[in-house]
Amino acid sequence: MGIKRQYLLIGVLLSILMPTVSYGKFTIEIPVRVKLFIDGEEVSSSKGKTFTRENPAQFDQTIAVIEEASTDDLNRAVDLAREVFDKDKYGWVTNYRQRLRILYKTAEILREEAERIAVTVALENGMPIRQARAHVLAAAEIFEFYAGLADKVYGDSIVLSNGNVSLIFKEPVGVVAAVSPWNFPMTQAARKIAPALAAGCTVVWKPASYTPMSAMEIYRALAKAGLPKGVVNVIYGPGATVGNELVRHPRIDYVSFTGETTTGKLIMQQAAASIKRIGLELGGKNPGIVFDDASIEEAVRAIVFGGLRNTGQACGAISRVLVHESVHEKLVNRLAEVAKGLVIGYPLDDNTDMGPLVSKAQEEKVLGYIDFGKKAGFKVALDGGKLSGGIYDKGYFVSPVIFDDVDPKSRLAQEEIFGPVIAVIPFKTEQEAIEIANNVIYGLTASIFTKDPARALRVARKLQAGTVWINDAYTQPTEGIWGGYKQSGIGRELGLYGLEEFLEIKQVYVDTTGSLDRPHWRTVMKIDKL
Ligand code: NDP
Numbered sequence: 102m103g104i105k106r107q108y109l110l111i112g113v114l115l116s117i118l119m120p121t122v123s124y125g126k127f128t129i130e131i132p133v134r135v136k137l138f139i140d141g142e143e144v145s146s147s148k149g150k151t152f153t154r155e156n157p158a159q160f161d162q163t164i165a166v167i168e169e170a171s172t173d174d175l176n177r178a179v180d181l182a183r184e185v186f187d188k189d190k191y192g193w194v195t196n197y198r199q200r201l202r203i204l205y206k207t208a209e210i211l212r213e214e215a216e217r218i219a220v221t222v223a224l225e226n227g228m229p230i231r232q233a234r235a236h237v238l239a240a241a242e243i244f245e246f247y248a249g250l251a252d253k254v255y256g257d258s259i260v261l262s263n264g265n266v267s268l269i270f271k272e273p274v275g276v277v278a279a280v281s282p283w284n285f286p287m288t289q290a291a292r293k294i295a296p297a298l299a300a301g302c303t304v305v306w307k308p309a310s311y312t313p314m315s316a317m318e319i320y321r322a323l324a325k326a327g328l329p330k331g332v333v334n335v336i337y338g339p340g341a342t343v344g345n346e347l348v349r350h351p352r353i354d355y356v357s358f359t360g361e362t363t364t365g366k367l368i369m370q371q372a373a374a375s376i377k378r379i380g381l382e383l384g385g386k387n388p389g390i391v392f393d394d395a396s397i398e399e400a401v402r403a404i405v406f407g408g409l410r411n412t413g414q415a416c417g418a419i420s421r422v423l424v425h426e427s428v429h430e431k432l433v434n435r436l437a438e439v440a441k442g443l444v445i446g447y448p449l450d451d452n453t454d455m456g457p458l459v460s461k462a463q464e465e466k467v468l469g470y471i472d473f474g475k476k477a478g479f480k481v482a483l484d485g486g487k488l489s490g491g492i493y494d495k496g497y498f499v500s501p502v503i504f505d506d507v508d509p510k511s512r513l514a515q516e517e518i519f520g521p522v523i524a525v526i527p528f529k530t531e532q533e534a535i536e537i538a539n540n541v542i543y544g545l546t547a548s549i550f551t552k553d554p555a556r557a558l559r560v561a562r563k564l565q566a567g568t569v570w571i572n573d574a575y576t577q578p579t580e581g582i583w584g585g586y587k588q589s590g591i592g593r594e595l596g597l598y599g600l601e602e603f604l605e606i607k608q609v610y611v612d613t614t615g616s617l618d619r620p621h622w623r624t625v626m627k628i629d630k631l
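Numbering-wise, the working numbering puts 216 at position 115 of the sequence shown, and it's gapless, one number per residue.
Pasting the structure below:
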């Protein structure tokens, strides 16, 4: 046997034993081993327990084996974060310049590595590679933004009418439990970790179990940027056990959670036991309101982008289209046409517009709503659903479905589906549109399409939503804010408000008189007579 043939055989054998996934110049050997990140080290579970993650676009392929944190691991992670914070180890709490430099460096590393990391995000989340690239860069931008705020945590001072001074200090809230979702795995985590670190907090982070590798990219970037040991500790495991143990932990000061509203309610109840501070970013059932004077083409493009990006698995997705009756037919026809033209395919294919859903459970949930809509007898403007044949047979691929003339009170128009399903609801008057838009338990986002600026602002003021876009959808400036009204959450992420979430406010009152005769003492107690 020639030497060349021997090498060839070894190569074939290796590729069978160690499968790989390739995109461009990047090759990932799978399954990737994802470890816990505790005290600056990548470590195995103390109980030796692991779980796996499959490729949502090819479910017979295991792409990651993840270490599952035991209670001991979790306690150690919290204790370390606590110790760094309470003892101001490495000057973490006081030295904001150190924090600024590390956050900038993390942003730089993520940006330099964005192409490679995007492959990982696409692989584990199912997000199309073009979108994954932008996603990683958006996460880098969040780290950069909060780096710029680390040295700008200003307090205040008030010279009081009695001549004394009240000093207002802003201090880090303490040890933060960050629990993040899978749908935008890097940005959702960055919105918690970057401002928490900028404020001088320490963090124990439980990422979503479907996207462990994206989390690993963030903790590796932080470590490479020089993050001191124990400042951020990352534990993996099921939300119901590991996640819940973390958010209930008595040594945690603040819980920053993004996920489903039902999970958020549970966490809020549990936080009440010790009055933990909480930030909740929860679900949405977001309306896109198309008025009679809107540019239909603009509205359709925005709705397709806002409603179907990430296969509709987005908290701020437009999932209800409220359209004036005079442009109803025109809008629905064009919407169906454009949505039908989307390329649904393998996430690591440059042409793909929509990848698979994240999991079997998510697929079943979405198909259940499609089934419900059809059985309820709503008009189907675009028929889609489970795809089959070729690569579709091995992934959770579902094509968009648009229901028309949907009853605003029905489950289709009230519940978060988190998939490529849009409910169209016609309306007659501006007031009716506002009422339908607001008549859900959620209040995360809304879009208004009109050429009338006065109407746009009038309606925007009346909508119960944390973000209202006028003639656009789903763009989230880092400098802006993100958060919900009603059951879409508590608190705000991003921008300056996103930093405030991680700060306590302390007043220090200074007597400047030195006098023993204080009017406020004298009024209440006759101390000088005692
Ligand atoms: P879940 O609520 O199921 O999970 C979110 C995170 O919480 C995961 O890390 C999960 O772990 C963990 N978790 C689950 N149960 C518990 C628990 N009892 N205690 C503590 N942690 C728990 O949401 P999804 O992951 O399904 O995310 C999708 C949801 O997130 C949607 O409802 C969406 O609207 C919302 N979302 C909101 C955003 C916003 O900004 N408002 C942004 C993005 C998403 P595990 O992965 O192991 O289950």
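In this text, a Cβ means the ideal position worked out from N, Cα and C, and glycines have one as well.
Note that this is a predicted model, so its numbers are computed, not measured.
- For the stretch 107-183, the full-length beta strand (DSSP E) segments reaching 3 residues or more read 121-124, 127-130, 133-135, 137-139, 142-144, 151-156, 159-168 along the chain.
- The ligand NDP has a heavy atom closer than 8 Å to the beta-carbon of Leu-383.
- No Cβ-Cβ contact shorter than 9 Å links Val-343 with Leu-224.
- Of the candidates Ile-571, Gln-565, Ala-547, Ile-571 places its Cα closest to the Cα of Leu-558.
- Shown here for Arg-177: same chain residues with a beta carbon closer than 7 Å to its own, the five before and five after excluded, namely Ile-139 in chain order.
- The C-alpha of Thr-163 lies about 41 Å from the C-alpha of Ile-526.
- Here Gly-615 is actually not in contact with Tyr-586; their C-beta atoms are around 50 Å apart, not less than 8 Å.
- By the Cβ rule, the stretch 335-349 counts as touching the stretch 167-174, because three or more pairs are nearer than 8 Å.
- Sequence-distant partners of Arg-352 (beyond 5 residues in either direction) whose C-beta falls short of 6 Å from its own C-beta, in its chain, are Val-179, Arg-183.
- Annotation for Ile-294 indicates a beta carbon at 8 Å or more from all heavy atoms of the ligand NDP.
- For the pair of segments examined, the stretch 217-232 was found to touch the stretch 315-323: the number of CB pairs separated by less than 8 Å reaches three.
- Listed as beta-bridge partners of Lys-271 by DSSP are Ile-606.
- Each of Leu-250, Ile-503, Cys-416 was checked against the Cα of Ala-574, and the nearest Cα belongs to Cys-416.
- By the criterion of at least three beta-carbon pairs nearer than 8 Å, the stretch 305-314 is in contact with the stretch 323-337.
- Every unbroken stretch of the beta strand (DSSP E) spanning 3 or more residues and falling wholly within the stretch 565-595 is given here in chain order: 568-571.
- Restricted to the stretch 324-375, the alpha helix (DSSP H) segments that are unbroken, complete and at least 4 residues in length are 345-349, 362-373, listed in chain order.
- In this chain, the beta strand (DSSP E) harbouring Asp-257 covers 257-260.
- Proximity of the beta carbon of Tyr-355 to the ligand NDP is not indicated: no heavy atom of the ligand is located closer than 8 Å.
- Rounded to whole angstroms, the gap between the alpha carbons of Ala-251 and Leu-367 is 32 Å.
- Residue Lys-386 holds the alpha-carbon nearest to the alpha-carbon of Gly-407 among Ile-628, Gly-340, Ser-427, Lys-386.
- Of all alpha-carbon atoms in Pro-457, Ser-258, Gly-490, Val-185, the one lying nearest the alpha-carbon of Gly-520 is that of Pro-457.
- If you draw a straight line from the Cα of Ala-374 to the Cα of Ile-523, it comes to about 39 Å.
- According to the DSSP assignment, Ala-219 belongs to the alpha helix (DSSP H) that extends over 215-226.
- Contact check between the stretch 478-492 and the stretch 500-515: three or more CB pairs, one atom from each, fall below 8 Å, which counts as touching.
- When only Cα atoms are considered, Tyr-447 and Leu-432 end up about 29 Å apart.
- For the pair of segments examined, the stretch 143-157 was found not to touch the stretch 271-289: the number of CB pairs separated by less than 8 Å stays below three.
- For Ala-415, the CB falls within less than 8 Å of some heavy atom of the ligand NDP.
- The secondary-structure analysis by DSSP pairs Glu-382 across a beta bridge with Thr-359, Gly-590.
- An exposed status is given to Trp-622, since fewer than 16 other beta-carbon atoms sit within 10 Å of its beta-carbon.
- With contacts defined by Cβ atoms closer than 9 Å, Phe-603 and Tyr-205 do not form a contacting pair.
- Judged by their CB atoms, Arg-421 and Pro-313 are not nearer to each other than the 9 Å cut-off.
- Not one heavy atom of the ligand NDP sits closer than 8 Å to the Cβ of Thr-153.
- Close CB contacts of Gly-596 within its chain, under the 6 Å cut and outside five residues either way in sequence, are with Glu-580, Gly-581, Ile-582 (chain order).
- The shortest CA-to-CA distance from Ala-514 to any of Ala-477, Gly-192, Ile-606 is the one to Ala-477.
- If you check the C-beta of Glu-516 against the ligand NDP, you find no heavy atom less than 8 Å away.
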